[in-house]
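Participant: Sharing a structure with you now.
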Amino acid sequence: MPIDEEGKPYLRKFKHILVEVEKVKEIKTASGIKKQVTKKLEPKWVEWLDYDLQGNGWHKQIEVLEVFQFTYRNPELPTRIERKLILRKWRIDANKLKPCPNHENKYLYVKRQGNHVVARCFACDMTDILALNQNRKGISIVEEKPITVREFLELVKENKAIIEPNLLLELKTRNWQFPK
Numbered sequence: 013m014p015i016d017e018e019g020k021p022y023l024r025k026f027k028h029i030l031v032e033v034e035k036v037k038e039i040k041t042a043s044g045i046k047k048q049v050t051k052k053l054e055p056k057w058v059e060w061l062d063y064d065l066q067g068n069g070w071h072k073q074i075e076v077l078e079v080f081q082f083t084y085r086n087p088e089l090p091t092r093i094e095r096k097l098i099l100r101k102w103r104i105d106a107n108k109l110k111p112c113p114n115h116e117n118k119y120l121y122v123k124r125q126g127n128h129v130v131a132r133c134f135a136c137d138m139t140d141i142l143a144l145n146q147n148r149k150g151i152s153i154v155e156e157k158p159i160t161v162r163e164f165l166e167l168v169k170e171n172k173a174i175i176e177p178n179l180l181l182e183l184k185t186r187n188w189q190f191p192k
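Using this note's numbering, the first residue of the sequence shown is number 13, and each one after it goes up by one.
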């Protein structure tokens, strides 16, 4: 459960006031349609307006950098396999995502956590790890360009990008022929 800087958990709060809710159910009988009304007392929900969501990294729209390896055959020498590092910029818009079936995107915020992007509905505490390679509304590619190893290492030091698994290990163990 995520907490803010003061240590308060992001939970929905209930007032002590109970609200009467009516549910109408229509029943078909031989003589016609009867309406059955049930009344129930439910606590009223108070929204969490006192939390600083943007200060803690939760936003309605974010841009995320991702670095991955692209392997291809050289057109002049088909036997030679070459590799490039690609920097891709994603834009994730929480207003277009709909992972929560109950509240849609009304209380939905997104945040980058480590090598993942997480979408969270703060109304029902539903969390979803977003797959960036999935064709989905709200996730779009803004920019894509090749980068050098030096630029890649700067992104790693500053922790600005999501990095393909095992890419750092391969960079340390193999002698890649990337343009410097």
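Ideal Cβ positions, reconstructed from N, Cα and C, are used throughout, including at glycine.
Contact check, E78 vs L120 under 8 Å by CB: the rounded distance?
Facilitator: Counting from 1 along the sequence shown, the entry for residue 78 is found at position 66. Counting from 1 along the sequence shown, the entry for residue 120 is found at position 108. With 8 Å as the limit, E78 and L120 do not qualify as a contact, their Cβ atoms being about 21 Å apart.
Participant: Assuming I153 and W70 form a contact by the criterion Cβ under 8 Å, report the distance between their Cβ atoms to the nearest whole angstrom.
Facilitator: Here residue 153 is taken as the residue at index 141 of the sequence shown, counted from 1. Here residue 70 is taken as the residue at index 58 of the sequence shown, counted from 1. Going by Cβ atoms, the distance from I153 to W70 rounds to 23 Å, so no, they are not a contact pair.
Participant: Are the beta-carbon atoms of E116 and K110 separated by less than 7 Å?
Facilitator: Taking the first residue of the sequence shown as 1, we reach residue 116 at position 104. Taking the first residue of the sequence shown as 1, we reach residue 110 at position 98. In contact: E116 and K110 (Cβ atoms closer than 7 Å).
Participant: What did DSSP end up calling E176 once you bin it into helix, strand or coil?
Facilitator: For this step, residue 176 is matched to residue 164 along the sequence shown. Here E176 sits in coil by DSSP.
Participant: For E156, collect the residues of the same chain with a Cβ closer than 8 Å to its Cβ; drop the 5 residues on either side in sequence, then sort them by chain order.
Facilitator: If you number the sequence shown from 1, residue 156 lands on position 144. Around E156: I98, L99, R100, K101.
Participant: Please name the residue in C112, L142, I104 whose C-alpha comes closest to that of G150.
Facilitator: Here residue 150 corresponds to residue number 138 of the sequence shown, with the count starting at 1. Per the Cα distances, I104.
Participant: Can you give me the C-alpha to C-alpha distance between G44 and R132, rounded to a whole angstrom?
Facilitator: Reading the sequence shown from its first residue, position 32 is the one you call residue 44. Reading the sequence shown from its first residue, position 120 is the one you call residue 132. Taking the straight line from one Cα to the other gives about 46 Å.
Participant: Can you give me the Cβ contacts of F164 inside the same chain, cut-off strictly under 7 Å, excluding the 5 residues immediately before and after it?
Facilitator: The count along the sequence shown starts at 1 and reaches residue 164 at position 152. Around F164: V79, L97.
Participant: May I have the straight-line CA-CA distance separating R85 from E94, to the nearest angstrom?
Facilitator: By 1-based counting over the sequence shown, the position of residue 85 is 73. By 1-based counting over the sequence shown, the position of residue 94 is 82. If I take the Cα positions, the gap works out to 6 Å.
Participant: Rounded to the nearest angstrom, how far is the Cβ of V216 from that of K47, given a contact under 8 Å?
Facilitator: Given that the chain is displayed from residue 13 to residue 192, the structure contains no residue 216 and the question cannot be resolved.
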